[in-house]
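For reference, the structure discussed in these notes is given below.
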Amino acid sequence: FKFERMLRNTDEWAPFRAFLAKHGCLLASTTEDLSEETPSGRLKNNLLVSVAEYERLNTAEKVRAKLGELAKRGIWNCGLVPFGYDYDAQAKALHPSPSEAAIVRRIYEDAAKLVSLTEIANRLNIDGIRTRNRIFKRRDETHQNVGGKLFKSDALRCLVKNPIYAGRVRLKGRDYPGLHEALVSHELWERANAAVAKSQQPAHCRVQARDKNCHLLKGLVLCTYCNRTMIPNASGNRDPAGKLYRYYTCTHAHQEQSTCPVRHVSAKLLELTVVEFVGALARHPEIVREALAASHRRRKVDRNEVHGRLGKIDQSLLQVGQRLQRIVDTITADDAAILGDELRERAAGLKNEKQQFLVEREKLRQTLLACDRTRLDADRLLAAIARFSEVFPNLTPVEQKDLVALCFARIELRAGPCGENRPGQRQYHVRWKLHLERLTDGMEERVLVERRDDRKHPPTHAPLVCEPRVIFRSMGRTPMAINVALFREEFRETRLTANPPAPTTHGTHPLHRALAWNRKLSGTAGLSQAELARREGITAVTLTYHLKLLKLAPEIQEFLLAVAGAEGLRRFSLRRMKALAELDYTAQRKAFVRMRAE
């Protein structure tokens, strides 16, 4: 139609013209004469491209100047309306959305408390909160809702880093005070961004965990003599049952001429000691009460230490803020043009340092909250410990390992006095720390095996520390025995329960469980999905995936309720049906017909 509709760049025009000439092609327009048969025609085309380029660059410069002037005045002027705000077309201004503003504040508060963005997104999705509905009009006059999606961590990261919520407008990396109302305070915005920046560090290389023997205490046992982790190690010999003899070996003992007195310990006996000792604590309440009292005494000491560290960090934050303000004042001065770049680099370094201090201060605040919590009831803890010994043997090996990793913070092992043992026996001093809140919350009603990622979050109670003296002694041809000197109780190897069989596959479709859980949600007032997931001993994501099956067409649900057998459950698995539920009923029926014909 016009020459400028093809290109508006002189750098692109010359190569493109040579390309056309090489292949014998002519450029034609319905409104302009683009012939290059004469020198004047060639000159005219060059002028048209130059004029089009000038108009493009000049228009862009004017638009940038306008956006810059609007930003200096604090007016939001471009892009999609941010989540949490509504746009008034008459006033041409942003106003807080009554329904979304509270969600934005919740996101910032959780992020400032060092809650991971993935966890925040999962909580929002569980509560049924979705992104804003955005209707997109296509060229064929059809409309499509491109919003209403699940929250993702990447989208939350962009939301937290957006200064619009702190009452500022950003343009070309510079922030200006905005005319709109801020949804969060400047202090909360800085704390949340410091936490987000902290979690954005490069992740370490993840290696697939290979533990076919399912060592319960892998990564938890520490040799205190060498201050080294004790790693699982299997010998080439087998016991009468045909299983390999397993050990936990100090990593320093693998080296030549090692003087480690611990060296290695039987994995089977150490695991038996740990599991049985926790159950035996319920029969000795005086030990639990004394350990709790000692834990509370240590908590008071830790509280004073944390207060001192918190005061130092507050002083450091004040100094960093003053230095940043001096740099800003120097940059804005007229005589700082030469040192502007250097000062900006120093300001960026101080900003990173300030973010690190903010994250450290939030960690210390959470530690203070843990120290100031109400003292844990000893009776509640004893009931949880008694429940531990009852339900632990009924779990699968993977669930047993996850539960031990969640309840135990560390297991420290050292040899007996001077590293000497009597003939036929080995003596150790064991020191382990139990996470009280995880133990009680998981055992009061039933065992709650959480995800392994939850171990990254610090416990909200001080750990319970127990230090028994354990003696492994041989009994000739009879099995090994373990004597715990703390309360003179003996555990025999024969009491070690065999690994329970792998859980059998449910003979019914997951839709049955989805319907049962939905009845509980609708029949119990005030019951949330997060609370139901905790009661059922599953993750919140698993519950959400099951409830999605209720969006299937009625005839599809009726068919799935009658599905039985391993083959049918595989063909109509939860993953496939969950994806099918995202479609409308018409698309569901068509896809389900193809699925049944496979």
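The number in our numbering is simply the position in the sequence shown, starting from 1, with 157 added.
Beta carbons are placed, not taken as given, at the ideal position from N, Cα and C, and that holds for glycine.
Close beta carbons around residue i, own chain, < 6 Å, minus the five adjacent residues each side
| i | result |
| --- | --- |
| G241 | S254, E257, A258, V261, L340 |
| D243 | H252, S254 |
| R291 | V303, G304 |
| A391 | L401, R403 |
Whole-angstrom distance between residue j and residue i, CA atom to CA atom
| i | j | result |
| --- | --- | --- |
| K294 | N302 | 9 Å |
| W170 | T195 | 18 Å |
| T386 | Q523 | 28 Å |
| L313 | T487 | 35 Å |
| L668 | R287 | 23 Å |
| M734 | L707 | 10 Å |
| F173 | E193 | 14 Å |
| I321 | L205 | 42 Å |
| W674 | L689 | 8 Å |
| E502 | Q513 | 17 Å |
| K309 | G285 | 14 Å |
| A175 | G181 | 10 Å |
| G376 | E556 | 16 Å |
| C380 | R460 | 28 Å |
| R213 | L164 | 10 Å |
| L191 | F158 | 11 Å |
| N203 | K179 | 19 Å |
| Y702 | R728 | 17 Å |
| N551 | K511 | 49 Å |
| I470 | E462 | 13 Å |
| T406 | D311 | 42 Å |
| Q476 | R483 | 11 Å |
| E602 | S423 | At E602 the pLDDT is 42, less than 50, meaning the model places this residue with poor confidence and gives no usable figure here. |
| V750 | K705 | 20 Å |
| A410 | A671 | 52 Å |
Three-state secondary structure (DSSP) of residue i
| i | result |
| --- | --- |
| I695 | coil |
| P239 | coil |
| S392 | strand |
| K590 | strand |
| P196 | helix |
| I292 | strand |
| R612 | The predicted position of R612 is uncertain, since its pLDDT is 41 and thus under 50; a value taken from the coordinates is nonetheless stated next. R612: helix per DSSP, three-state reduction. |
| T386 | strand |
| N461 | helix |
| D332 | strand |
| H300 | strand |
| A754 | helix |
| C371 | coil |
| T617 | Summary for T617: the model assigns pLDDT 46, below 50, so the residue's position carries little reliability; its value from the coordinates is reported in the next sentence. Residue state, collapsed to three classes: coil. |
| V720 | coil |
Cut-off 8 Å between Cβ atoms - residues of its own chain near residue i, not counting five sequence neighbours on either side
| i | result |
| --- | --- |
| E443 | none |
| G393 | L401 |
| A543 | G436, A439 |
| H300 | I292, F293, K294 |
From the options, residue whose alpha carbon lies closest to that of residue i
| i | options | result |
| --- | --- | --- |
| Y402 | A410, H421, N384, C417 | H421 |
| L183 | D168, T167, F160 | F160 |
| L200 | L689, H343, T167, A228 | T167 |
| G330 | A228, V272, R263 | A228 |
| A541 | V220, G506, C564, R395 | C564 |
| W589 | E510, R480, R727, A448 | A448 |
| A566 | L591, A175, E547, S546 | L591 |
| L224 | C235, Q247, R263 | C235 |
| R113 | L475, S423, E517, I292 | Only positions 158 to 755 of the chain appear in this structure, which leaves residue 113 out of reach. |
| R692 | E715, K677, K705, N203 | K677 |
| C371 | I388, R289, Y382, N384 | I388 |
| E189 | Q584, E210, Y211, R162 | R162 |
| N509 | L474, L539, A736 | L474 |
| G324 | D311, L307, H343 | H343 |
| G725 | L700, A754, I277, T187 | A754 |
| A354 | T299, L274, V432 | L274 |
| V432 | V317, D267, C383, K558 | K558 |
Cut-off 7 Å between Cβ atoms - residues of its own chain near residue i, not counting five sequence neighbours on either side
| i | result |
| --- | --- |
| N319 | P239 |
| A269 | L345, R348, A349, A352, E519 |
| D396 | Y402 |
| D832 | Lying before the first or after the last residue shown, residue 832 is absent from the chain, which here runs from 158 to 755. |
| E428 | L373, L374 |
| G231 | V326, Y333, P334, G335, L336 |
| L684 | K677, L678 |
| N279 | A697, V698 |
Proximity test, residue i beta-carbon vs the ligand COA heavy atom, cut-off 7 Å
| i | result |
| --- | --- |
| G465 | The ligand COA is not part of this structure, which contains no ligands at all. |
*Continuous beta strand (DSSP E) assignments of at least 3 residues falling wholly in the region 512-575*: Listed in chain order, the beta strand (DSSP E) elements of length 3 or more contained wholly in the region 512-575 are 565-572.
*For the region 394-442, list the alpha helix (DSSP H) runs that are entirely contained and at least 4 residues long, ordered along the chain.*
If we require 4 residues or more, the alpha helix (DSSP H) runs fully inside the region 394-442 come out as 424-438.
*Please specify which runs of the alpha helix (DSSP H), each continuous and at least 4 residues long, are wholly inside the region 202-287, giving them in chain order.*
Runs of the alpha helix (DSSP H) inside the region 202-287: 258-269, 274-283.
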